[in-house]
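Just below is one structure, and these are the notes that go with it.
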Amino acid sequence: MMMMPGKTPVQENLLGLSWHDSTWIPVLNPSNVMDYFTERSNPFYDRLCNNEIIKMQRLSPDQLTTMTGTEYILLHVQEPILYVIRKQNRISPTAATAIANYYIIAGVVYQAPDLGSIVSSRVLSTIHHLQSAFDEASGCSRYHPSKGYSWDFKNGKALATKKETPVRDEPGSLFQRQRVDMLLAELVRKFPLPVPKPVHQAAEPPIEIKQEPKDRSEKKDMKPPPEKKPRVN
1 MMMMPGKTPV
11 QENLLGLSWH
21 DSTWIPVLNP
31 SNVMDYFTER
41 SNPFYDRLCN
51 NEIIKMQRLS
61 PDQLTTMTGT
71 EYILLHVQEP
81 ILYVIRKQNR
91 ISPTAATAIA
101 NYYIIAGVVY
111 QAPDLGSIVS
121 SRVLSTIHHL
131 QSAFDEASGC
141 SRYHPSKGYS
151 WDFKNGKALA
161 TKKETPVRDE
171 PGSLFQRQRV
181 DMLLAELVRK
191 FPLPVPKPVH
201 QAAEPPIEIK
211 QEPKDRSEKK
221 DMKPPPEKKP
231 RVN
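Using UniProt numbering, the first residue of the sequence shown is number 1, and each one after it goes up by one.
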């Protein structure tokens, strides 16, 4: 709440804010996420709520249903990455009116936008793009006294190329690495990898080399070549 002299207090828009506490992120779980959200440094937490009264009086959280007024409850859990907390006005033990929703992703708290904020943002975005299109089109219009109006897209701003800046890959945080390792370990536990069976190769039989006995009779039958006699003149 912002106070200005001579004017009514202006409520700060929390849709553009985020909050986190690095000491809680590695140990965040469904049992302590409400303690994490009710930290005094959290700008989304109203210290005048019933949760603060129960916290100071050390009562059980079940006592919230017996009280009336503003309170915070854990609405949805998608462990280990997403937690949704609702701020609501307790009217009776069975009736409560929602005021706002907050979601915690990777330990960072954001306020969920309401329907009016979403529609307003989309309308403003549409108007901005339409105005940019009209400004770009008007920059390509040309006027000549004898020819009248014409379009020149070659020399206009419509075909101007923009250099794209390369996106650098940021290293993962400690929270992301721990949560990814935990998810992978859980998947391996649920779906274990099949153990490959050892393949036994059949031993090849030894190759026997048979040596045929040499025929000695061939050597005996072989005769030496005839001797050459000197020629007599």
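Glycine is no exception: its CB is placed at the ideal position from the N, C-alpha and C atoms. This one's a predicted model, so the numbers in the text were calculated from it and none came from an experiment.
Tell me which same chain residues have a C-beta within less than 7 Å of the C-beta of Val77, skipping the five on either side of it? Counted from its first residue, the sequence shown places residue 77 at position 77. So the qualifying residues of the chain are Pro30, Tyr83.
| task | Reducing DSSP to helix, strand and coil, say where Glu136 ends up. | result | Sequence index remark: in the sequence shown, residue 136 carries index 136 (1-based). Note: Glu136 maps to helix in three-state DSSP.
Beta-carbon separation (whole angstroms), Ile81 vs Ala106, contact threshold 8 Å = On the sequence shown, residue 81 is found 81 positions in, with the first residue counted as 1. On the sequence shown, residue 106 is found 106 positions in, with the first residue counted as 1. Yes, Ile81 and Ala106 are in contact; Cβ-Cβ is about 6 Å, under 8 Å.
Which residue from Pro171, Val108, Thr68, Lys87 puts its Cα closest to that of Thr23?
Taking the first residue of the sequence shown as position 1, residue 23 is located at position 23. If we check each option's Cα against that of Thr23, Val108 comes out closest.
- Item | Bounding residues of the alpha helix (DSSP H) (the contiguous stretch that carries Asn50) | Position 50 of the sequence shown, counted from the first residue, corresponds to residue 50. Here the alpha helix (DSSP H) through Asn50 covers 50-57.
Item to check | Limits of the unbroken beta strand (DSSP E) element including Tyr83 | outcome: Counting from 1 along the sequence shown, the entry for residue 83 is found at position 83. 82-92 is the span of the beta strand (DSSP E), which, as asked, contains Tyr83.
Going by the beta-carbon positions, is the gap between Val33 and Leu74 smaller than 8 Å? The residue given as residue 33 occupies position 33 in the sequence shown. The residue given as residue 74 occupies position 74 in the sequence shown. Their beta carbons are under 8 Å apart, which means Val33 touches Leu74 by this criterion.
>> For Ser141, which residues in the same chain have their Cβ closer than 7 Å to its Cβ, ignoring the five residues on either side in sequence?
In response: Locating residue 141 in the sequence shown gives position 141, counting from the first residue. Contacts found: Tyr149, Trp151.
| When the distance is taken between beta carbons, is Ile54 closer than 8 Å to Pro61? | Mapped onto the sequence shown, residue 61 falls at position 61. Mapped onto the sequence shown, residue 54 falls at position 54. Cβ distance < 8 Å, so Pro61 and Ile54 count as in contact.
Cβ pair Glu71, Asn51 closer than 8 Å: Translated into positions along the sequence shown, residue 71 becomes position 71. Translated into positions along the sequence shown, residue 51 becomes position 51. Yes; because the gap between Cβ atoms is below 8 Å, this pair is in contact.
Practice prompt. Assign His20 to one of three DSSP states: helix, strand, or coil.
Written response: Your numbering for residue 20 matches position 20 in the sequence shown. In this structure, His20 counts as coil in the three-state DSSP scheme.
Checklist entry - How is Val188 classed by DSSP in three states: helix, strand or coil? => result Locating residue 188 in the sequence shown gives position 188, counting from the first residue. Three-state DSSP puts Val188 in a helix.
task: Tell me where the beta strand (DSSP E) around Tyr110 begins and ends.
output: If you number the sequence shown from 1, residue 110 lands on position 110. 108-111 is the extent of the beta strand (DSSP E) around Tyr110.
Handout entry: Exposure label - Lys190; buried when at least 16 CB within 10 Å
Key = Numbered from 1 along the sequence shown, position 190 holds the residue referred to as residue 190. Counting Cβ neighbours within 10 Å, Lys190 comes out exposed, since fewer than 16 surround it.
Problem - CA-to-CA distance, His128 to Gln63, given in whole angstroms - result: For this step, residue 63 is matched to residue 63 along the sequence shown. For this step, residue 128 is matched to residue 128 along the sequence shown. Their Cα atoms are separated by approximately 49 Å.
- Message: On the DSSP bridge list, what partners appear for Val77?
- Response: Walking along the sequence shown from the start, residue 77 turns up at place 77. Answer by DSSP bridge pairing, in chain order: Tyr83.
Query raised in the report: Say the cut is 7 Å; is the CB of Leu183 nearer than that to a heavy atom of the ligand SAH?
Result: This structure simply doesn't include the ligand SAH, nor any ligand for that matter.
inquiry  = Measuring only the C-alpha atoms, how far is Ile118 from Gln178?
reply    = For the purposes of this step, residue 118 is taken as the residue at position 118 of the sequence shown. For the purposes of this step, residue 178 is taken as the residue at position 178 of the sequence shown. Looking at the two C-alpha atoms, the distance is approximately 34 Å.
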